Structure formats: structure tokens, C-alpha cells
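A short worksheet on the structure shown next.
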């Protein structure tokens, strides 16, 4: 079946044009740049999973990475062109406050790793592929202090 391309309503067109004009004014987008406007976060994450499989990554590790990305980008229907630093910062803040299945918030190491995975997806895959002009997560810094590695714990015990 063939997918219908484009916008469904005039409001969607006007919202997209407003974002483009804002990015042009801020210097985040160059005129004449081609953007894949109908690519959603879900389809980009799925494509990234296929890419990782083609690279030869192990299936369990691929699933872990895709889980991290889906946890960071909870609304998979968002278009890539709508990813802004503000929206990505809100996603990270939501991730840090969200409860896991145990009823506790994510550990610092977990949410920082999910942020790093999202940053890697956007930088090394989507920007390099030309689906995004710049990485909206690039300026987001992880919050909280990371836990000690096992070797650091052993070193502290022995000292």
C-alpha cells in the first residue's frame, strides 16, 4: 500500500512553516536545505535498529539500545523536523522524573545512558544521513552524578 505524503491539515502546514522560519532566523537551518518532513521518530528508530543489525551488532544489545531510544522519545509520532532543543530537553526532564516498573525513578546512570543513546542516534545517524540539519540534543547535559565503576569501588576498598 502506498502511504499518503504531505500534511493532513492547513494548520499542520502553517505550524511547519513557522518552525522553518524560526530556524532560518536563528541560523539553525540553511535556506535550500532538504529535510525529510514525513519521517517520524518511530520510523527513524526502527531504521536505526535495522542499521545496527546490518552492522552485525548482537540482537540483545540492539534491543537494549532501541528500548533506551523509545524510553527517551515516548511520542513516536513526532516528526523529526519538529525535534527542537526545547522539546528534547522536556523529554529528558520527563525521563528523569518518570517511574520505572519498580515504582522508582530511573537511576542517574540509566537516564544519562538513555540521553547518550539518543544523542548518538541524532548525531551519528540522522544528521549524517541528512534527515536532520543539526543535533537538538547536543547542548543537553546529563543531570546527576554517575555511579562508580566496579574497578573504582574495588580501588576504594583496597586503599
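Numbering (our numbering), first residue to last: 1 to 159. Every residue gets a Cβ at the ideal spot worked out from N, C-alpha and C, and that includes glycine. Small disclaimer: the values here were computed from a predicted structure and weren't measured.
Anticipated Cβ contact below 8 Å, residue 80 with residue 24, distance rounded: Actually they do not touch by this definition, with Cβ atoms about 17 Å apart.
message: Considering just the uninterrupted stretch of the alpha helix (DSSP H) at residue 20, what are its terminal residues?
response: From DSSP, the alpha helix (DSSP H) with residue 20 extends over 10–26.
field: Three or more C-beta pairs below 8 Å linking the region 108–123 and the region 134–147
entry: Enough Cβ pairs lie closer than 8 Å, so yes.
query: For residue 33, which residues from the same chain have a beta carbon less than 7 Å from its beta carbon, with the 5 sequence-adjacent residues on both sides left out?
result: Confidence is the limiting factor: at residue 33 the pLDDT is only 49, short of 50, which leaves the residue's position unreliable, though a coordinate-based value still follows. Closer than 7 Å at the Cβ level, and outside the excluded window around residue 33, lie 133.
message: I'd like to know whether the C-beta atoms of residue 73 and residue 39 end up nearer to each other than 7 Å.
response: For residue 73 and residue 39, no; Cβs fall outside 7 Å.
query: Which whole-angstrom value is the C-beta distance of residue 95 and residue 71, which I expect to be below 8 Å?
result: The beta carbons of residue 95 and residue 71 sit about 6 Å from each other, so the pair counts as a contact at 8 Å.
field: residue 53 versus residue 65: straight-line alpha-carbon distance, rounded
entry: Looking at the two C-alpha atoms, the distance is approximately 12 Å.
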